[in-house]
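Residue numbers (our numbering): 710 to 1920.
By construction, the Cβ of each residue, glycine as well, lies at the ideal position given by its N, Cα and C atoms.
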Amino acid sequence: MIKSSVKKPFTVFVATILIIILGFISFQSMTTDLLPKIDLPYVVVITAYPGASPEKVEAAVTKPLESALATTAGIEKISSTSNENSSNIVLQFTQGINMDSVMLDLSSKLDLVKGKLDDEVATPMIVKVNPNMIPIMVASVDVDGLNEKDVSKLVKKDIIPSFERISGVASVDSMGLLDEEVRITLHGDKIDKLNDRVLKSINSKLAETKNKLDEGKKKLQEGRALLEKQSLSKNEELINGTINLDKGKEQIKEAIKNIPQLQKELESQRKDLQSKKDALMWALEEQSKNNIPLTEEQKLSLTQLDDGIRTVDEALANMNGEKTVLEEKLQGLIQTQKNLEMGRSTLNSELSKARMELITKESELDKALKEFEKSRDEAYKKANIGSAITKESLSKILMAQNFSMPAGSIEEDNIQYTVKVGDKFNNMEELKDLVLMHIDVDNVGDIKIQDIGSIDIHDNSEDNYVKVNKNNAVLLSFQKQSNYSTSQVSKSINENMEKLMKNNSKLHIIPLQDQGIYIDVVINSVIDNLVMGGVLAIIVLLLFLKSMKPTIIIALSIPISLMFALVMMYFSGVTLNLISLSGLALGVGMLVDNSIVVIENIYRLRSSGVSAAKAAVQGTTQVAGAILSSTLTTISVFLPIIFTKGLSRQLFTDMGLTIAYSLIASLIVAVTLVPTMASITLKNVTEKKGRIFEKFVQGYEKILRKSLKHKIITLTTVFVLFASSTVLCVAKGAVLMPEMDSNQISISLKVPKGTDDKTARATAEKIVDKISVVEDIETIGVMEQNGSGMMMMGGGDSKSISFYVILKEDKKLSSQEVGSIITNMTKDIPGKIKVSTSNMDMSALGDTGLTVNIKGPDFQVLKNISGDISDIMGKIQGAYDISDGLDEGAKETHIIVDKNKAIAHNLTVAQVYQEIATLLKEEQKSTTLNIGTNEYPIVLVNAQVEGLSREKLKQHIIVVNKNGVEEKVKLSDIASIEENSSLVSIKRNEQMRTMSVKAMVKEGYNVGNVSKDLEKKISSYNVPEGYSVSLGGEKESMDSAFGDLIKMIALAIVFIYMIMVAQFQSLLSPFIVLFTIPLAFTGGFLALIITGVKLSMISILGFLILSGIVVNNGIVFVDYVNQLRLEGMEKGAAIIETGRTRIKPILMTALTTILGLFTMALGIGMGSEMVQPMAIVTIGGLLYATLLTLLVVPVIYDLLNRKELKKLDID
C-alpha cells in the first residue's frame, strides 16, 4: 500500500478528494442532538380502577399484574405505584433487548390475567417510555389588541396547524387556550314536574285496563263450568248404549257357540240314516241278483230313509244360514259399538278442544294480567323521565341526531345526484327544541331538551393561568418525531415563528425553552474548541519541526482524517452530538501522532541523503508496525464498553467509535497520503536545530542521570504523589455528571395542599415580582397545573405552578449563579420551590440528591422506619428538604353500606356504588355544535352534582323496585358516612412495599461525601427482620456508572498489555510500559485537585482514555532502548541515548494532544462543562506522565532489565 501510494500519487489524490466530498455530504446528512440516542428499556403498565382506594388498587390490580409480568424474559427491575383509581407499574429490562418482542410478550401475559380482574378494572394500557416524549420546545403566544378569546381562536385555527405541518413535528400541545363549550345542564326540578303530570294520567288508564281484564277472567271461568257439566251428561248416555250392546253381543255369541254341537248331532243322525240306507241298498242288490223283487215295505223304508237324510241335510243347511245371520248380527253390534266409541272419542275430543280453548283464553288472560303488571312497571319507569334521560342517554341521542353523511348516489336523466342523509345542528335554538322522547299522555306529548334542562355557552377562563412577563398568553409545547434531529426541527419551528410574526406584526411568539438552540450553541462551542485545538497543534508542530513543508503535510492530514472519520460515523449511525464531537476534539490532538512519527522518520532519512520517494517508502515502512500498535492500544481502551450496560454504554459508545474512527483514519492517512505528499514536497531538506531545545535536552539528560543513580528516591516520590493525589481527589467527593451552563432556568412551585386558585396565583405573581429585578433575566413565563395537563402526569389535590426563565444572551452571571439568587429570593415563599439551572442537565438521566429506600410487608413498620431514617437524615450536614415518604393523606368521604339494611330494599353494595358513581360523574362529553365558523363541543352536566355536600349526599334518594312496587330509599337509611384520610399512593419495588426517604444536598456540599456520611449512620441502624434499608438516589446511579467505568479501565489495561506483548514479544517490556498508567492517573488527579473539578463519569472517562494514550510514549521509549541494546550498546548508555533521541517526538505527540484539548479544558463556550473534566484529566495526565515517563520508565527499565538482550538468529 505504501509503495503503491508513492508510485500513484494521482490515485491517492482522487481518493482524498472523494473522501472530502463524502465527508462533507455525511456531515450535512448527519442528525444533530445534544446526546447520543438513548434507548430506555422501560415499559409502564397503566390500569384504571375507578372509585378504588390505593389499598384496593394494590390488592386487586397491582399485585396480580406484578406476579404475571415478573416472569417476562429480560426483566431487571419491577416497581409500582398504586394510586387512587389507578395502578402504574414500571418495568425495567436489560439493555439491548428487543422492546417490540417485549411489548408482544407483555400483551399476551396481560391477556391471560385481565380476565381474573374485577369487572370495574379497565383494560391495562402498555406504554413504552421514549425520550422523545419530552418536549423539545415550549413557546408563548400573545397578540397585541386581541382579547383572550380571539387569541385562542387564532392559535387554534392558524398557528397550531402551521406548526403541525412542519416536517419532524410529532405534536403541538397547548396550555392556556380559552376553550368554549355548549353546556347542557339537566335540572331535577323540571324533570320532577313532568313526572308528576305523567304519573297521574298513567294511574287512571292503568286502573281502567285492570277492571276490563278482571271481568274477562270471570266470564271465562263461568263458561268452563258449563262445558264440564255438558261433558258429564253426554258421557253417561254413551256409557248406557255401550252396556246394552255388550249384552246383545253375549247372547249372539252364546247362540253361535251352540250351533257346532247341534250340527254334530245332526251329522250323527244323518250318518245313522245313511248306514241304514246303505245296508238296505246292499240287500236289495243281492235280492235283485236273485231276481227277487222289492217289497213295499222295503220301498217304504227306503223312502223314509231318504226323507230322513233330506230332512237332516236341510236342518244342517238351515243351521249354517242361522250361524251366518248371527255372525252378521254380531259384526253389526261390534260396528255399532265402534261407532259409539268413535262418537265418544269425538265428543271427548271436542270437549277437550273446547276446554283447551277456555284454558288458553284463561292463560292469555293471566298473561295479560302479568303483562299489565309489567306494563305498569314499565309505564312507571317511563314516567320517571329522570331515569330515561340521563347524561349518557342524552349524549347518544345528540350524537345520533347530529348526523350528516352521503349515503350513495342515484342517476336520473343522465344526471348523477348524491344522496345525503341528515343535517347537523347549526344553532342553539335547534338544540333547545330537539325532541328527546314522546309520551302519549294527556298534556305531555313531546319532551324537548329545554323542558328538562338549560343550555348556555361556557368557557374555562377561570381555570386558565398562563402569563409571560405578567401578560396573559398561550403556551405551546412541541414534540419531535423520533427519527428527526432536535436541532433541525427546532430550527424549522423558529423559522415558522419568524414567518408568522412577519405576516402579523402584532403577533409575538417567544421560545421559553428550546433544546435546539441550546444544542446548536453547545455543538458549535465544541466545534470551535475542535478547530482551535487543531490550530494550536499545528503551531506546536511548526515550532518543533521549524519547517513549513512537513507542518503543512501534517496539517492537511487533520481535516482529511476528520472527513474520513465522519464518513465512517455516518455509515455506522453515529450522530453529531456532544459526546461524539468531544471524541473528535480529543482525536484532533492524536490524529497527528501517526503522521508525526511517519513524517519525522521520512524527514530523518531525507536529511541523511536518501531520495524523496525512497525516503517516503522506507520511512513509512519502518514505523508502520509501531504506529499500528500504538493505534491499537488507544482503540483497545474502548473495547470494554461492550461488557458494560446502561447509561455508561449508551453514552460512551459514540465517543469510543468516534475516537476509533479518527485514529483508524489517521493511520490510513499516515501510510498513504503522508508518504505521497512527502515524496512530492520534501525535495530539498536541510535539518534545522534549535539551541533552546538542545539546552532543554541537556538539562533533561542531567536529571535522568541523577534519577538513575537515586532510583529509590525517584520511585518513592512517584508512589507518594500517586497515593496522596488519589486520596485528596476522592476526599473532595464525586458527582454523577457535571452541571452545564444554560440560558434557560425552570422553577417549580408546589403550593401547600388545600390552597385555593386565587392564593396560589398570588404566590406565583409574588415570585415573578421578586425575580424580575435580576438583571440577567429577560423573560419569565408562568403556568398553573392542577395535577395534569401539558407535559404533566400526576395526581392528588396539590397545585403545581411552573416558571420558565429565559436569561439574556449577554448575561453576566452563569445560570447556576442566577439560580442561587432566585433560591435566596424565594426562600420565604410558602410551599416547595425547586430551581433547575439547566434544562439539559444530565442528572435528569438519574435520581438526584439523597434517597434511602425501605422495603417490607407491613405499612406501619415501614412508617416507623421511615421516621427513624428521616431523623438520621436531619442530622447529616449538607442535607435539607427532607421528605419522609409519607405524603399527606387525601381527605376521603367513606360511605359504609349496611349490607343487611340494603338487601332489605333489594339493594347490594355494588348497586349503591353505581348509583353514587353516576351521581358524582361531573360531565359527559357528546357531539359538537357548529355556529358559523366556530365549533363548540357539547358537554352534559347534572345540576344535582353542583354544590353537592356530604349532608346532601346523605339525603340522596335511590329509587328501587321491590316486589313490583317502586320504593324510594334514602342513602342515610342504609349507609353511614365517615370522613378519614387515605394513603395518597402505595409504592412497591421488586413486589414488596417500599418507602423512600429523600433529601436535597445543600450548595457547597458534595453529594458523594454526604452520601458516605449517611451510609455510615444507616449501617448502624437496627433494621427489623424481613425489612431492608438501602441507599439509592444519585449515589446508587454513581456507584453503578463508576463501577462500569472502573471495570472498563481494568479490562483496557489487560488489552493494552496483551497488545504490547504481541508487539515486544516479551512479558517484561510491556510490564515496564504499564507503569506510565499510574503516572497518568496521578497527573489527572492533580489536575482535578488544582482546578477544583470533582470526580464524575466524564472525568473517569478521561482516565480511561489516558490508559490508551500514555502507553504510546512508554512504547516508543522501551522499543528504542531495546533496539539500541540489540545493536550492542550498553544498557545505561542506551537509556540515556533513548531519552535524548526520543524526547522530541514524545513531546511533540503529547503537546499536540494537550493543546488539542486546551480550549475544551478552559471551559470556553456553553456546554463545555460537560466535557471539561475529561479534557482536564487528559491534559493533566499527559503532561505529568510525559515528563515522568522520560524519568520513571528509564528507572524501572534499569531495575527490571538485568539480563543482556540478544538477537534470535533463526538462519
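C-alpha gap between Asp-859 and Asp-1537, whole angstroms
Put simply, the backbone Cα of Asp-859 is about 38 Å away from that of Asp-1537.
In chain order, what are the residue ranges of uninterrupted alpha helix (DSSP H) at least 4 long that sit wholly in the stretch 780 to 854?
Within the stretch 780 to 854, the runs of alpha helix (DSSP H) at least 4 residues long that lie entirely inside it are, in chain order, 808 to 823.
Return helix, strand or coil for Val-715, following the three-state DSSP convention.
In this structure, Val-715 counts as helix in the three-state DSSP scheme.
Are the beta-carbon atoms belonging to Pro-1447 and Glu-1878 less than 9 Å from one another?
Closer than 9 Å, so yes.
Quick one: residues in its chain with C-beta nearer than 8 Å to the C-beta of Met-1838, no 5 flanking neighbours on either side, listed in chain order?
Glu-1846, listed in sequence order.
Do Tyr-1791 and Ser-1434 have their CB atoms nearer than 9 Å?
First, the residue type needs correcting, since residue 1791 is Thr and not Tyr in the sequence shown. Yes, Cβ-Cβ distance for Thr-1791 and Ser-1434 is below 9 Å.
What is the residue span of the beta strand (DSSP E) that Met-884 lies within?
If you look at Met-884, you'll find it in the beta strand (DSSP E) that goes 878 to 884.
C-beta atoms of Val-1444 and Lys-1803 nearer than 9 Å
Yes. Within cutoff.
Would you please state the rounded distance, in angstroms, between the beta carbons of Leu-1833 and Ala-1843? I believe it to be under 8 Å.
Going by Cβ atoms, the distance from Leu-1833 to Ala-1843 rounds to 4 Å, so yes, they are a contact pair.
How is the alpha helix (DSSP H) around Glu-873 delimited, first residue to last?
Counting along the chain, the unbroken alpha helix (DSSP H) around Glu-873 starts and ends at 869 to 873.
Taking the C-alpha atoms as reference points, what is the distance between Gly-877 and Val-1306?
Between Gly-877 and Val-1306, the C-alpha separation is close to 47 Å.
By alpha-carbon positions, which one of Lys-1508, Ala-1469 and Ile-1531 ends up nearest to Val-1482?
In terms of CA proximity to Val-1482, Ile-1531 leads the group Lys-1508, Ala-1469 and Ile-1531.
Classify Glu-1644 as helix, strand or coil using the three-state DSSP reduction.
Of the three classes helix, strand and coil, the one that applies to Glu-1644 here is strand, per DSSP.
Cβ atoms of Ile-1486 and Val-1460: under 9 Å apart, would you say?
Contact flag unset, no.
Start and end residues, beta strand (DSSP E) containing Asp-1165:
Unbroken beta strand (DSSP E) run through Asp-1165: 1162 to 1168.
Who are the Cβ neighbours of Lys-712 in its own chain at under 6 Å, not counting the five residues just before and after it?
Only Val-1326 meet the Cβ criterion.
Taking C-alpha atoms, which residue in Pro-844, Glu-1601 and Ala-1619 lies nearest to Lys-1608?
Checked all of Pro-844, Glu-1601 and Ala-1619; the closest Cα to Lys-1608 is Ala-1619.
Which of the three DSSP states, helix, strand or coil, is assigned to Ser-1451?
Coil.
Are three or more beta carbon pairs between the stretch 1340 to 1349 and the stretch 1808 to 1821 nearer than 8 Å?
Judged by Cβ distances under 8 Å, the stretch 1340 to 1349 makes contact with the stretch 1808 to 1821, as three or more pairs qualify.
Measuring only the C-alpha atoms, how far is Met-1501 from Ser-1529?
Bear in mind that a pLDDT of 36 at Met-1501, under 50, signals an unreliable position, so the model cannot answer this.
Rounded to whole angstroms, what is the Cα-Cα separation between Leu-855 and Asn-1181?
Across the structure, Leu-855 and Asn-1181 are spaced so that their CA atoms are roughly 11 Å apart.
Neighbourhood of Ile-1106 by C-beta, 7 Å cutoff - its chain only, sequence neighbours within 5 removed:
Answer for Ile-1106: Leu-1145, listed in chain order.
Rounded to whole angstroms, what's the CA-CA distance from Ser-1281 to Ile-1368? Just pull it up for me.
Ser-1281 and Ile-1368: Cα-Cα distance of roughly 13 Å.
Using the C-alpha atoms, what's the distance from Thr-790 back to Leu-1628?
Those two C-alpha atoms are separated by around 28 Å.
Enumerate in chain order the residues of its own chain whose CB-to-CB distance from Lys-1610 is below 6 Å, with the five nearest sequence positions on each side excluded.
Closer than 6 Å at the Cβ level, and outside the excluded window around Lys-1610, lie Ile-1683.
Under the three-state DSSP convention, the category Tyr-1589 falls into
Of the three classes helix, strand and coil, the one that applies to Tyr-1589 here is strand, per DSSP.
Which class does Lys-1129 belong to by DSSP, given the choice of helix, strand or coil?
Three-state result, Lys-1129: strand.
Outcome for Met-1549 when other beta-carbon atoms lying within 10 angstroms are tallied against a minimum of 16:
Low confidence applies to Met-1549: its pLDDT is 48, below 50, so where it sits in the model is not reliable, and the reading given next is rough at best. That one is buried.
Using 8 Å as the cut-off, can you tell me whether the stretch 1778 to 1789 makes contact with the stretch 1897 to 1916, which would need three or more C-beta pairs spanning the two stretches below that distance?
The stretch 1778 to 1789 is in contact with the stretch 1897 to 1916.
Who are the Cβ neighbours of Met-1704 in its own chain at under 6 Å, not counting the five residues just before and after it?
Correct list, in chain order: Ile-1563, Leu-1571, Ser-1575 and Gly-1594.
With burial defined as no fewer than 16 other Cβ atoms inside 10 Å of the residue's Cβ, what is the status of Met-1065: buried or exposed?
Classification for Met-1065: exposed.
Consult DSSP for Val-1283 and reduce its assignment to one of helix, strand or coil.
DSSP, reduced to helix, strand and coil, places Val-1283 outside both helices and strands of the structure shown, so it counts as coil.
Using only the alpha-carbon positions, how far apart do Ile-1510 and Ile-728 sit?
CA-to-CA, the gap between Ile-1510 and Ile-728 works out to about 53 Å.
What are the start and end residues of the alpha helix (DSSP H) that includes Ser-1199?
Looking at the DSSP string, the run of the alpha helix (DSSP H) that includes Ser-1199 is 1195 to 1212.
Cα separation between Lys-1725 and Lys-1584?
A direct Cα-to-Cα measurement between Lys-1725 and Lys-1584 gives close to 12 Å.
Could you compute how far the alpha carbon of Asp-1223 sits from the alpha carbon of Ile-1489?
Near 14 Å, if we compare the C-alpha coordinates of Ile-1489 and Asp-1223.
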